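Read through the structure below, which is laid out as structure tokens, and then see the notes.
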Amino acid sequence: MPVAANFHSVRDAVVSAVDGKFAETIRLSPMSGGARDQQRPQTEIEAVLRTGGEKSSSVDAANPAAWQSKIAAGKALLYIDRTRYPDITVRKQDAVRALARPGQPVFEVSLVDDRNHTRLIVELVHK
């Protein structure tokens, strides 16, 4: 049973303010065995998507000054407001499309953290 706390209204206001500035339109596409999961509907939501920045790394470990390479790959995190979307179910291997970004990149869910009390935190990998 959830425990009521005095800070919940402040917490919800902060989450709402952050989403108001940083959220973007995301399409969640439930998948099962590599195909669309017909038991769960495809949904468009507003959520905060944070992708990893490009990192500069040396190709030659023995001579780091030799030259640098930029790689835009890695993990991304999707933060879904639990108050706004209490019935959202996200599972490993579901597809996530960032509709507001150039090229509408697609990600695959690799991990879902449902223990956070304010947000459903979804770890993504580029598809």
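Read in this note's numbering, the sequence shown has 69 at position 68, and its numbers run on one by one without any break.
We put the beta carbon where it would ideally sit given N, CA and C, even for glycine.
In this text the structure is predicted, and so the values were computed from the model without any measurement.
If you draw a straight line from the alpha carbon of residue i to that of residue j, how long is it in whole angstroms?
i: residue 94; j: residue 11; result: 34 angstroms
i: residue 25; j: residue 117; result: 20 angstroms
i: residue 43; j: residue 33; result: 13 angstroms
i: residue 112; j: residue 76; result: 11 angstroms
i: residue 14; j: residue 38; result: 34 angstroms
i: residue 106; j: residue 123; result: 16 angstroms
i: residue 137; j: residue 23; result: Outside the shown range of the chain, which is 2 to 128, sits residue 137, and nothing can be said about it.
i: residue 53; j: residue 19; result: 19 angstroms
i: residue 87; j: residue 40; result: 18 angstroms
i: residue 121; j: residue 98; result: 17 angstroms
i: residue 109; j: residue 8; result: 34 angstroms
i: residue 21; j: residue 102; result: 17 angstroms
Can you tell me where the alpha helix (DSSP H) holding residue i begins and where it ends?
i: residue 22; result: 9 to 23
Please state whether DSSP places residue i in a helix, a strand or coil.
i: residue 92; result: coil
i: residue 78; result: strand
i: residue 101; result: coil
i: residue 116; result: coil
i: residue 84; result: coil
i: residue 28; result: strand
i: residue 37; result: strand
List the endpoints of the continuous beta strand (DSSP E) containing residue i.
i: residue 50; result: 44 to 52
i: residue 127; result: 120 to 127
Thinking just about the alpha-carbon of each residue, which of the options is nearest to the one in residue i?
i: residue 126; options: 21, 101, 50 and 100; result: 50
i: residue 47; options: 84, 27, 101 and 103; result: 27
i: residue 200; options: 39, 36 and 80; result: Missing from the structure shown is residue 200; the chain here goes from 2 to 128 and no further.
i: residue 35; options: 9, 85, 96 and 22; result: 96
i: residue 100; options: 21, 22 and 30; result: 30
i: residue 115; options: 84, 45 and 102; result: 84
i: residue 104; options: 82, 128, 45 and 78; result: 128
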